[in-house]
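A.B. asks:
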Amino acid sequence: SIALTILAIENGIRVPDGLVTIYPAVRWVDELVPGSRTRYANDLILPAEWIRYFAKAYVGADKLDLSKKDKLISPILTSDDILRRFPPCFILVGKLDPLFDDATEFYKKLISVGNKDTILK
154 SIALTILAIE NGIRVPDGLV TIYPAVRWVD ELVPGSRTRY ANDLILPAEW
204 IRYFAKAYVG ADKLDLSKKD KLISPILTSD DILRRFPPCF ILVGKLDPLF
254 DDATEFYKKL ISVGNKDTIL K
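Heads up, the sequence shown is in the numbering used here, so the first residue is 154 and it goes up one at a time.
(1) Could you spell out the range, first to last residue, of the alpha helix (DSSP H) harbouring PHE207?
(2) Mapping the DSSP letters down to three states, classify LEU217 as helix, strand or coil.
(3) State the DSSP-derived secondary structure class of THR257, mapped to helix, strand or coil.
(4) Which word fits TYR206, buried or exposed, when buried means at least 16 other C-beta atoms lie within 10 angstroms of its C-beta?
(5) What residue does the alpha helix (DSSP H) around THR191 start on, and which one ends it?
(6) Which word fits ALA210, buried or exposed, when buried means at least 16 other C-beta atoms lie within 10 angstroms of its C-beta?
(7) Could you give the DSSP three-state label for THR109: helix, strand or coil?
(8) Check the DSSP bridge columns for VAL173 and list the partner residues they point to.
(9) Just the Cα atoms here: how many angstroms apart are CYS242 and PHE259?
(10) Report the three-state DSSP secondary structure of LEU273 (helix, strand or coil).
(11) May I ask you to report which of helix, strand or coil DSSP gives SER265?
(12) For the alpha helix (DSSP H) containing ALA161, name the first residue and the last one.
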């Protein structure tokens, strides 16, 4: 839903009135990054190897380097100008989850550009 909202904003299409994101993957990278991805790399539900598997399935194993440049693959890279036009978001993520830091960083970016109706739970 985040990538589709980015495309809608860029193309002048009506955006949703709000987004509900559950454990949003906003940073697709093939390596472990410090923080929650490292702390919870052995998570029973979403272990690190599954995150890598899903990233490769989503963008293609030969195109993972794009995940560090393309905002549609890694929405955390979205410009402030686009984020200012985002609808309110409800971001749900567990505190003991590998994606916690990514979701929290995305939340903070939305808040920093004025999206005060965004909620992180």
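Glycine included, each C-beta is placed from N, C-alpha and C at the ideal position.
These figures come from a predicted structure and were not determined experimentally.
C.D. replies: Result, derived from the coordinates:
(1) 201-212
(2) helix
(3) helix
(4) exposed
(5) 189-192
(6) exposed
(7) The requested residue 109 is not part of the displayed model; the chain covers only 154 to 274.
(8) PHE243
(9) 10 Å
(10) strand
(11) helix
(12) 155-163
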